[in-house]
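Remarks on the structure that follows.
In my numbering, the protein residues as written are 5 to 169.
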């Protein structure tokens with residue numbers, strides 16, 4: 005492990021909470037919001053509380069340790085941005101879905117696509133390739149084996165369209 009990672013682990017209570025982990029937490033929140041049980045503000049206020057994160061840490065290691073403020077800001081901005089641009093992001097998914105009925109996509113698949121498309125279009129410090137790679141890796145973790153290829157195809161087509169603009 006490099007010295008930087010050791011320093012980060014010491015700084016954040018033994019757990020390194022970087023952008024990759026913050027992205028996965030944002031995905032969980034976007035997924036939860038896809039069921040429309042809470043407003044985005046309500047959910048964010050509740051879920052980003054340390055006590056809630058600590059209670060989830062027993063079941064999900066991702067939630068162990070304190071979230072640095074910059075990652076809380078990333079999570080909040082990303083989740084709020086996905087909610088604000090949801091209709092637009094869904095239209096991009098629909099446009100680039102070939103031989104897939106988007107109405108039959110799982111909530112997780114749509115959440116992954118919305119997150120990656122939002123990062124590709126609106127988060128300047130996330131390279132397009134990184135947004136795609138991270139979405140594919142998260143799809144491998146949370147979805148069936150055919151979904152990562154589908155996500156890669158949709159996001160690749162969207163990236164080519166963005167590059168052409």
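Virtual Cβ for every residue (Gly too), placed ideally from N, Cα, C.
Residue range 151-168 is occupied by the alpha helix (DSSP H) that includes residue 152. Cβ neighbours of residue 31 within its own chain (closer than 7 Å, five residues either side excluded): 115, 116, 119, 142.
Below 8 Å, too few C-beta pairs join the region 104-111 and the region 126-133 to call them touching: fewer than three. Looking from the CA of residue 65, the closest CA among 101, 89, 96, 28 belongs to 28. Taken through DSSP and simplified to helix, strand or coil, residue 49 comes out as helix.
Membership of residue 26 in the alpha helix (DSSP H) is indicated by the continuous run 23-37. Taking the C-beta atoms as reference points, residue 156 is found no nearer than 9 Å to residue 168. Between the alpha carbons of residue 104 and residue 98 lies a distance of about 9 Å.
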